[in-house]
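Encoded as structure tokens, the structure appears first; notes follow it.
Set out below in structure tokens:
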């Protein structure tokens with residue numbers, strides 16, 4: 001729960017720190033798996049598999065990452 005609160009606090013910042021968000025996401029297995037699954041999907045058509053959360057977050061950018069986090073947290077509330 002602490003990790004999620006830290007991620008939420010970071011994405012609410014006026015100027016969110018993407019590397020810090022990536023570091024926090026890396027500590028949450030659920031969000032990490034979701035982001036890595038997305039970035040390695042055929043939709044991105046990348047030549048090499050991305051294995052690093054930091055790479056994946058930088059590749060996706062802030063808005064999609066915030067969206068993934070919000071959806072993940074909402075799903076967790078209703079399960």
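Numbering (UniProt numbering), first residue to last: 1 to 79.
Where is the CB? At the ideal position from N, CA and C, for every residue including glycine.
If you're wondering where the values come from, they're calculated on a predicted model, not measured in any experiment.
Please state whether DSSP places residue 50 in a helix, a strand or coil. coil
Kindly provide the ranges of any alpha helix (DSSP H) runs that are 4 or more residues long and lie completely inside the UniProt domain "HDOD" (1–79), ordered along the chain. 2–12, 18–25, 29–39, 53–60 and 62–78
Less than 9 Å separating the beta-carbons of residue 35 and residue 60? yes
If residue 7 and residue 21 are in contact, beta carbons under 8 Å, what's the gap, nearest whole angstrom? 7 Å
Here's the rule I'm using: 16 or more other beta-carbon atoms within 10 Å means buried, otherwise exposed. How should residue 29 be labelled? exposed
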